[in-house]
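Novice: Have a look at the structure that comes next, please.
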């Protein structure tokens, strides 16, 4: 019996390149790789986090491209940190796809913040915990009191460079926190 059949629906897999090859076989192009992943994701109702530059999230139907991260993430333990961040969103009650999208974005953003202090070459996975606090501020910007994040607004905001640029002048907050005003959401 295939072990993938034992996984619950919407299980999130975060394989590195060699693990992915064991799951889908070898591929000759990026297009072929995505086709193979899509087939497996649909067949077993899985969500794949395809680590790389850039990282993609693929549920067999939709392919999402992450906009954060840098080469420093290609370090030992970084994938474990990513899995932990995604798991933390699951523990908060987010759906698996939401947890994957938010986790990948925050993981990359954390590396972007951390490498401003460490540089790419000296970055190690244990440099990630402190910047997570700074990066997670972005996940509070579109939430009303006592509500979870409204994913469609957040995803549009965080994946569109033009929207981010337009919003920069409208951020407010103390201690360097960047919070989007209600006026921005009403436009």
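Residue numbers (our numbering): 4 to 190. Glycine included, each C-beta is placed from N, C-alpha and C at the ideal position.
#1: Cutting at 7 Å between CB atoms, please list the residues of its own chain near residue 150, excluding the five before and the five after it.
#2: In its own chain, which residues sit with a C-beta less than 7 Å from the C-beta of residue 71, not counting the 5 before and 5 after it?
#3: Which residue comes first and which comes last in the beta strand (DSSP E) that contains residue 113?
#4: Checking the sheet assignment: what are the DSSP bridge partners for residue 59?
#5: Got a sec? Which residues, its chain only, sit under 8 Å from residue 16 by beta carbon, not counting five neighbours each side?
#6: Just to confirm the assignment, what range does the beta strand (DSSP E) spanning residue 15 have?
#7: I'd like the span of the alpha helix (DSSP H) that includes residue 89, first residue to last.
#8: Helix, strand or coil for residue 20 per DSSP?
#9: Output needed for residue 88: all residues of its chain with C-beta closer than 7 Å, excluding positions within five of it in sequence on either side, in chain order.
Specialist: According to the structure shown:
#1: Because residue 150 sits at a pLDDT of 49, beneath the cut-off of 50, its placement in the model cannot be relied upon, and the point is left open.
#2: 108, 111, 112 and 115
#3: Taken as a continuous stretch (DSSP letters only), residue 113 belongs to no beta strand (DSSP E), being part of the alpha helix (DSSP H) at 99-121.
#4: 53 and 68
#5: 26, 49, 50, 51 and 52
#6: 14-16
#7: 81-94
#8: helix
#9: 106, 109 and 110
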